[in-house]
Amino acid sequence: MQSAQEPGRPPGHPGSPTADEIRIVGLVPLLEPYFRGAMVSELMPEQLRTAMESEGLTPRHGAVLPQLLAADAPLTVGGIAARLQVSLPTASELVGGLARAGIVTRTPDETNRRRVLVSLVEEYRPLLESFVVRRGEPLLRALAGLPAEHREGFVAGLRAWVREVREVQG
12 MQSAQEPGRP
22 PGHPGSPTAD
32 EIRIVGLVPL
42 LEPYFRGAMV
52 SELMPEQLRT
62 AMESEGLTPR
72 HGAVLPQLLA
82 ADAPLTVGGI
92 AARLQVSLPT
102 ASELVGGLAR
112 AGIVTRTPDE
122 TNRRRVLVSL
132 VEEYRPLLES
142 FVVRRGEPLL
152 RALAGLPAEH
162 REGFVAGLRA
172 WVREVREVQG
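Take the position in the sequence shown, starting the count at 1, then add 11; the result is the number in my numbering.
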């Protein structure tokens with residue numbers, strides 16, 4: 012007789028968590044202070060920080076910016092909502108705040124007037140690129156210290172984790 016799958020356990024993984032699993036999961040909260048506001052604010056270029064503070068923008072607003080930076084083309088508000096896994100009204104509010112701060116522009120999509128395209132204001136692109144690299148330095152140093160095959164595995168693991176988190180958030 013098969014036992015029922017424990018909630019939160021991977022398929023085919025019955026029983027209690029192993030000591031290794033507990034140690035691995037225990038590492039995650041150690042990263043949390045790195046994502047707090049004070050740490051982020053200290054590394055942010057002054058012009059970007061001033062623009063964000065002038066409109067009372069939050070880290071949720073800031074989460075939009077790396078998505079725009081990483082995109083090959085302007086994103087739609089719906090695309091931003093999908094990437095951040097937020098509702099369309101929330102994404103619209105985030106983009107609106109960033110537009111009021113002068114960090115992004117919104118333009119109608121010429122191919123579909125119901126859609127709005129969001130782009131970084133070019134003046135902020137180098138500031139944001141510098142900020143993203145500075146924020147990523149600990150990760151990039153950790154990756155640089157690994158052999159190539161371990162780097163590939165680490166990045167594959169991060170991507171898999173993101174996929175799993177997105178599925179849970181649904």
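All residues carry an ideal CB built from backbone N, CA and C; glycine is no exception.
The closest CA to that of Gly108, considering only Leu131, Thr122, Arg126, Val144, is found on Leu131. The three-state secondary structure of Leu38, taken from DSSP, is helix. Here DSSP, grouped into helix, strand and coil, assigns Pro119 to strand. At least 8 Å separates the beta-carbon of Leu86 from that of Gln96.
Taking all protein chains shown into account, Val173 has fewer than 16 neighbouring C-beta atoms within 10 Å of its C-beta and is therefore exposed. Val127 counts as buried, since at least 16 other C-beta atoms from the protein chains shown sit within 10 angstroms of its C-beta.
Here the stretch 129-148 makes contact with the stretch 53-61; the two share three or more CB pairs at distances below 8 Å. Membership of Gln78 in the alpha helix (DSSP H) is indicated by the continuous run 75-81.
Contact between Arg71 and Leu105 holds, since their C-beta atoms are separated by about 6 Å, short of 8 Å. Here Arg47 carries a coil assignment [DSSP, helix/strand/coil]. Leu150 carries a helical assignment under DSSP once its states are collapsed to helix, strand and coil. Cα atoms of Arg34 and Leu41: separation of roughly 11 Å, rounded to the nearest angstrom. Taking Leu138 as the centre and dropping the five residues before and after it, the same chain places the C-beta of Pro56, Gln58, Leu59 closer than 7 Å to its C-beta, in chain order. In this structure, Val115 keeps its C-beta atom at 8 Å or more from the C-beta atom of Ser103.
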